[in-house]
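Asker:
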(Lines of atoms letter the chains of each structure in order from A and count residues from 1; the text may use other names and numbers.)
(Lines give C-alpha, C1' and ligand atoms only; values in the text may rest on other atoms or scores of the structure.)
Protein backbone atom coordinates (compact mmCIF):
# COMPACT_ATOMS: atom_id res chain seq x y z
CA UNK A 1 0.00 0.00 0.00
CA UNK A 2 1.35 3.40 -0.91
CA UNK A 3 -0.11 6.61 0.49
CA UNK A 4 -0.19 9.97 -1.21
CA UNK A 5 0.82 12.85 1.05
CA UNK A 6 -2.14 14.69 2.55
CA UNK A 7 -1.80 18.39 3.31
CA UNK A 8 -3.98 20.01 5.94
CA UNK A 9 -4.11 23.46 7.42
CA UNK A 10 -2.38 23.72 10.79
CA UNK A 11 -4.84 22.79 13.57
CA UNK A 12 -6.31 25.63 15.53
CA UNK A 13 -4.60 26.18 18.86
CA UNK A 14 -6.88 25.21 21.74
CA UNK A 15 -10.02 24.97 19.60
CA UNK A 16 -12.94 25.71 21.91
CA UNK A 17 -15.21 23.36 19.95
CA UNK A 18 -13.25 20.28 21.01
CA UNK A 19 -15.17 17.48 22.74
CA UNK A 20 -12.05 17.11 24.87
CA UNK A 21 -11.67 20.66 26.23
CA UNK A 22 -7.91 20.83 26.55
CA UNK A 23 -8.16 24.63 26.56
CA UNK A 24 -9.56 24.22 30.08
CA UNK A 25 -6.91 24.03 32.80
CA UNK A 26 -8.66 21.00 34.29
CA UNK A 27 -8.07 19.00 31.09
CA UNK A 28 -4.36 19.36 30.54
CA UNK A 29 -1.62 18.11 32.77
CA UNK A 30 -0.21 14.83 34.02
CA UNK A 31 -0.92 12.41 36.83
CA UNK A 32 -2.35 14.89 39.33
CA UNK A 33 -4.74 16.35 36.76
CA UNK A 34 -5.78 12.84 35.74
CA UNK A 35 -6.58 11.87 39.32
CA UNK A 36 -8.53 15.07 39.86
CA UNK A 37 -10.52 14.42 36.69
CA UNK A 38 -11.23 10.84 37.79
CA UNK A 39 -12.44 12.02 41.19
CA UNK A 40 -14.68 14.78 39.85
CA UNK A 41 -16.24 12.43 37.30
CA UNK A 42 -17.50 10.09 40.01
CA UNK A 43 -18.17 12.86 42.53
CA UNK A 44 -20.58 14.50 40.09
CA UNK A 45 -22.43 11.23 39.55
CA UNK A 46 -21.71 11.14 35.82
CA UNK A 47 -21.16 7.39 35.98
CA UNK A 48 -24.93 6.99 36.40
CA UNK A 49 -25.65 8.39 32.94
CA UNK A 50 -22.69 7.00 30.97
CA UNK A 51 -24.57 4.34 29.00
CA UNK A 52 -27.27 6.80 27.94
CA UNK A 53 -24.84 9.51 26.79
CA UNK A 54 -21.72 7.67 25.63
CA UNK A 55 -22.74 7.69 21.96
CA UNK A 56 -23.37 11.44 21.84
CA UNK A 57 -20.92 13.32 19.67
CA UNK A 58 -19.66 16.49 21.26
CA UNK A 59 -20.58 17.30 24.88
CA UNK A 60 -17.74 17.11 27.38
CA UNK A 61 -19.62 15.06 29.98
CA UNK A 62 -21.12 12.55 27.55
CA UNK A 63 -18.20 10.16 28.04
CA UNK A 64 -15.56 9.69 30.72
CA UNK A 65 -12.71 11.46 28.85
CA UNK A 66 -10.21 9.20 30.64
CA UNK A 67 -8.54 8.08 27.41
CA UNK A 68 -5.88 10.81 26.89
CA UNK A 69 -4.47 10.17 30.37
CA UNK A 70 -4.77 6.41 29.99
CA UNK A 71 -2.87 6.55 26.71
CA UNK A 72 0.03 8.36 28.32
CA UNK A 73 0.22 6.37 31.53
CA UNK A 74 -0.93 9.22 33.76
CA UNK A 75 -3.95 7.13 34.75
CA UNK A 76 -4.31 3.36 34.91
CA UNK A 77 -7.23 1.02 34.30
CA UNK A 78 -6.95 -0.39 37.87
CA UNK A 79 -7.26 3.15 39.26
CA UNK A 80 -10.46 3.66 37.29
CA UNK A 81 -11.79 0.25 38.33
CA UNK A 82 -11.08 1.02 41.99
CA UNK A 83 -12.90 4.36 41.77
CA UNK A 84 -15.79 2.68 39.95
CA UNK A 85 -16.15 -0.02 42.60
CA UNK A 86 -16.07 2.58 45.37
CA UNK A 87 -18.82 4.51 43.57
CA UNK A 88 -20.94 1.36 43.19
CA UNK A 89 -20.41 0.44 46.84
CA UNK A 90 -21.77 3.82 47.91
CA UNK A 91 -24.48 4.48 45.35
CA UNK A 92 -25.24 1.09 43.81
CA UNK A 93 -24.38 -0.51 40.48
CA UNK A 94 -26.44 -0.01 37.32
CA UNK A 95 -26.20 -0.48 33.57
CA UNK A 96 -24.07 2.63 33.18
CA UNK A 97 -21.48 1.69 35.79
CA UNK A 98 -21.29 -1.79 34.28
CA UNK A 99 -20.71 -0.26 30.86
CA UNK A 100 -17.69 1.68 32.10
CA UNK A 101 -16.30 -1.62 33.39
CA UNK A 102 -17.17 -3.27 30.07
CA UNK A 103 -15.15 -0.65 28.16
CA UNK A 104 -12.16 -1.36 30.42
CA UNK A 105 -12.54 -5.04 29.52
CA UNK A 106 -12.49 -4.14 25.81
CA UNK A 107 -9.27 -2.23 26.42
CA UNK A 108 -7.71 -5.30 28.06
CA UNK A 109 -9.03 -7.54 25.30
CA UNK A 110 -7.17 -5.59 22.63
CA UNK A 111 -3.98 -5.94 24.67
CA UNK A 112 -4.44 -9.69 24.98
CA UNK A 113 -5.13 -9.84 21.24
CA UNK A 114 -1.71 -8.30 20.60
CA UNK A 115 -0.07 -10.65 23.08
CA UNK A 116 -1.53 -13.65 21.25
CA UNK A 117 -1.25 -12.59 17.60
CA UNK A 118 1.42 -9.89 17.52
CA UNK A 119 2.44 -8.86 14.01
CA UNK A 120 -0.41 -10.79 12.40
CA UNK A 121 -2.68 -7.93 13.44
CA UNK A 122 -0.74 -5.64 11.10
CA UNK A 123 -1.10 -7.74 7.96
CA UNK A 124 -3.28 -6.26 5.24
CA UNK A 125 -5.79 -9.07 5.75
CA UNK A 126 -5.36 -9.17 9.51
CA UNK A 127 -6.22 -12.53 11.07
CA UNK A 128 -8.35 -13.63 8.13
CA UNK A 129 -5.56 -14.10 5.60
CA UNK A 130 -6.12 -13.96 1.87
CA UNK A 131 -5.92 -11.05 -0.53
CA UNK A 132 -5.04 -7.50 0.45
CA UNK A 133 -7.81 -4.91 0.61
CA UNK A 134 -7.95 -2.33 -2.14
CA UNK A 135 -7.25 1.32 -1.65
CA UNK A 136 -8.62 4.61 -2.97
CA UNK A 137 -5.85 7.25 -2.59
CA UNK A 138 -8.01 10.14 -3.81
CA UNK A 139 -10.90 9.15 -1.58
CA UNK A 140 -8.55 8.71 1.35
CA UNK A 141 -7.14 12.22 0.85
CA UNK A 142 -10.66 13.70 0.76
CA UNK A 143 -11.54 11.73 3.87
CA UNK A 144 -8.51 13.08 5.75
CA UNK A 145 -9.37 16.65 4.78
CA UNK A 146 -13.07 16.32 5.58
CA UNK A 147 -14.03 16.89 1.96
CA UNK A 148 -15.99 13.75 1.08
CA UNK A 149 -19.27 15.61 0.53
CA UNK A 150 -20.94 13.57 3.30
CA UNK A 151 -21.69 16.16 5.98
CA UNK A 152 -21.45 13.90 9.05
CA UNK A 153 -18.19 12.32 7.89
CA UNK A 154 -16.68 15.68 7.00
CA UNK A 155 -17.66 17.11 10.38
CA UNK A 156 -15.94 14.25 12.17
CA UNK A 157 -12.77 14.43 10.12
CA UNK A 158 -12.55 18.20 10.58
CA UNK A 159 -12.89 17.82 14.32
CA UNK A 160 -10.16 15.17 14.33
CA UNK A 161 -7.78 17.33 12.30
CA UNK A 162 -8.47 20.48 14.33
CA UNK A 163 -8.39 18.98 17.83
CA UNK A 164 -6.88 15.49 17.79
CA UNK A 165 -10.02 14.10 19.39
CA UNK A 166 -13.16 12.35 18.19
CA UNK A 167 -15.97 10.62 20.08
CA UNK A 168 -15.95 6.83 20.00
CA UNK A 169 -19.16 6.76 17.96
CA UNK A 170 -17.71 9.11 15.33
CA UNK A 171 -14.51 7.08 15.16
CA UNK A 172 -16.56 4.04 14.18
CA UNK A 173 -18.68 5.95 11.69
CA UNK A 174 -15.77 7.57 9.83
CA UNK A 175 -13.79 4.31 9.86
CA UNK A 176 -16.70 2.43 8.32
CA UNK A 177 -17.13 5.12 5.68
CA UNK A 178 -13.47 4.93 4.62
CA UNK A 179 -13.48 1.14 4.42
CA UNK A 180 -16.88 0.38 2.92
CA UNK A 181 -18.02 3.54 1.13
CA UNK A 182 -14.69 4.84 -0.16
CA UNK A 183 -13.13 1.37 -0.53
CA UNK A 184 -10.05 2.51 1.35
CA UNK A 185 -7.42 0.38 3.04
CA UNK A 186 -8.16 0.09 6.76
CA UNK A 187 -4.42 0.37 7.50
CA UNK A 188 -4.36 3.86 6.00
CA UNK A 189 -7.17 4.89 8.32
CA UNK A 190 -5.41 3.37 11.32
CA UNK A 191 -2.22 5.23 10.42
CA UNK A 192 -4.12 8.52 10.05
CA UNK A 193 -5.67 8.09 13.47
CA UNK A 194 -2.23 7.35 14.88
CA UNK A 195 -0.96 10.63 13.46
CA UNK A 196 -3.89 12.67 14.76
CA UNK A 197 -5.25 11.36 18.06
CA UNK A 198 -4.26 12.92 21.37
CA UNK A 199 -5.34 9.66 23.04
CA UNK A 200 -3.67 7.32 20.54
CA UNK A 201 -3.25 3.83 21.94
CA UNK A 202 -1.68 1.28 19.60
CA UNK A 203 -3.67 -1.68 20.98
CA UNK A 204 -7.10 -0.09 20.94
CA UNK A 205 -6.53 1.72 17.66
CA UNK A 206 -5.40 -1.38 15.77
CA UNK A 207 -7.99 -3.57 17.42
CA UNK A 208 -10.87 -1.25 16.61
CA UNK A 209 -9.85 -0.78 12.98
CA UNK A 210 -9.55 -4.55 12.56
CA UNK A 211 -13.00 -4.92 14.14
CA UNK A 212 -14.64 -2.43 11.78
CA UNK A 213 -12.88 -3.87 8.72
CA UNK A 214 -13.74 -7.46 9.63
CA UNK A 215 -10.14 -8.67 9.85
CA UNK A 216 -10.05 -9.35 13.59
CA UNK A 217 -11.76 -12.03 15.68
CA UNK A 218 -15.36 -10.93 15.11
CA UNK A 219 -17.07 -13.55 12.87
CA UNK A 220 -19.53 -11.05 11.37
CA UNK A 221 -17.06 -9.87 8.72
CA UNK A 222 -16.95 -6.18 9.51
CA UNK A 223 -19.17 -3.45 10.88
CA UNK A 224 -20.63 -1.22 8.18
CA UNK A 225 -22.50 1.83 9.45
CA UNK A 226 -25.26 3.52 7.46
CA UNK A 227 -24.21 7.17 7.56
CA UNK A 228 -27.73 8.54 7.11
CA UNK A 229 -29.06 6.33 9.91
CA UNK A 230 -26.19 7.35 12.19
CA UNK A 231 -26.85 11.04 11.52
CA UNK A 232 -30.57 10.59 12.25
CA UNK A 233 -29.85 8.78 15.50
CA UNK A 234 -26.91 10.76 16.86
CA UNK A 235 -27.18 14.20 15.24
CA UNK A 236 -30.90 14.52 14.56
CA UNK A 237 -30.89 18.32 14.89
CA UNK A 238 -27.73 18.70 12.83
CA UNK A 239 -25.94 20.57 15.62
CA UNK A 240 -22.73 18.57 15.31
CA UNK A 241 -22.61 18.99 11.53
CA UNK A 242 -23.16 22.73 11.86
CA UNK A 243 -20.48 22.99 14.52
CA UNK A 244 -17.87 21.60 12.15
CA UNK A 245 -19.23 22.87 8.84
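Numbering (this note's numbering), first residue to last: 27 to 271.
Think of the CB as a built atom: it goes at the ideal place given N, C-alpha and C, for glycine as much as any other residue.
These numbers come from a predicted model, not from an experiment.
Assuming residue 253 and residue 179 are in contact, meaning their beta carbons sit under 8 Å apart, how far apart are those beta carbons, in whole angstroms?
Answerer: At roughly 6 Å, the Cβ-Cβ gap stays under 8 Å, so residue 253 and residue 179 are in contact.
Asker: Determine the closest residue to residue 110 out of 73, 88, 236 and 100, with distance taken between C-alpha atoms.
Answerer: When only C-alpha atoms are compared, the closest one is 73.
Asker: With 16 as the cutoff for other CB atoms within 10 Å, does residue 115 come out buried or exposed?
Answerer: Exposed.
Asker: Please say whether residue 193 and residue 45 have beta carbons closer to each other than 7 Å?
Answerer: Going by C-beta atoms, residue 45 is nearer than 7 Å to residue 193.
Asker: Do residue 261 and residue 267 have their C-beta atoms within less than 7 Å of each other?
Answerer: Their beta carbons are under 7 Å apart, which means residue 261 touches residue 267 by this criterion.
Asker: Would you decide whether residue 86 is buried or exposed? Buried here means 16 or more other CB atoms lie within 10 Å of its CB.
Answerer: The residue in question, residue 86, is exposed, as its Cβ has fewer than 16 Cβ neighbours within 10 Å.
Asker: So, helix, strand or coil for residue 202, using DSSP?
Answerer: Residue 202 falls in the helix class under three-state DSSP.
Asker: Excluding five sequence neighbours on each side, which residues of the same chain lie with their C-beta closer than 6 Å to the C-beta of residue 160?
Answerer: Excluding residues within five positions, the ones whose Cβ falls inside 6 Å are 209.
Asker: Contact defined as beta carbons within less than 8 Å: I believe residue 228 pairs with residue 190. What is the distance between those atoms, to the nearest angstrom?
Answerer: Going by Cβ atoms, the distance from residue 228 to residue 190 rounds to 16 Å, so no, they are not a contact pair.
Asker: Is the number of C-beta pairs between the segment 195-203 and the segment 227-245 that are closer than 8 Å three or more?
Answerer: The answer is yes - the segment 227-245 touches the segment 195-203, with three or more Cβ pairs under 8 Å.
Asker: Run the CB neighbour count on residue 78, radius 10 Å, all protein chains shown included, and call it buried at 16 or more, exposed below.
Answerer: That one is exposed.
Asker: Given a cut-off of 7 Å on the beta-carbon distance, is the pair residue 233 and residue 136 in contact?
Answerer: In contact: residue 233 and residue 136 (Cβ atoms closer than 7 Å).
Asker: Can residue 43 and residue 269 be called in contact, C-beta distance under 7 Å?
Answerer: For residue 43 and residue 269, yes; Cβs fall inside 7 Å.
Asker: Taking the alpha-carbon positions, what's the residue 246 to residue 145 distance?
Answerer: If you take the alpha carbons of residue 246 and residue 145, they lie about 22 Å apart.
Asker: Going by the beta-carbon positions, is the gap between residue 122 and residue 76 smaller than 7 Å?
Answerer: Yes. Within cutoff.
Asker: Just to confirm, is the Cβ distance from residue 241 to residue 154 under 7 Å?
Answerer: Yes; because the gap between Cβ atoms is below 7 Å, this pair is in contact.
Asker: Can you say whether residue 96 is buried or exposed, counting buried as having 16 or more other CB atoms within 10 angstroms of its CB?
Answerer: Answer is buried; the Cβ neighbour count reaches 16.
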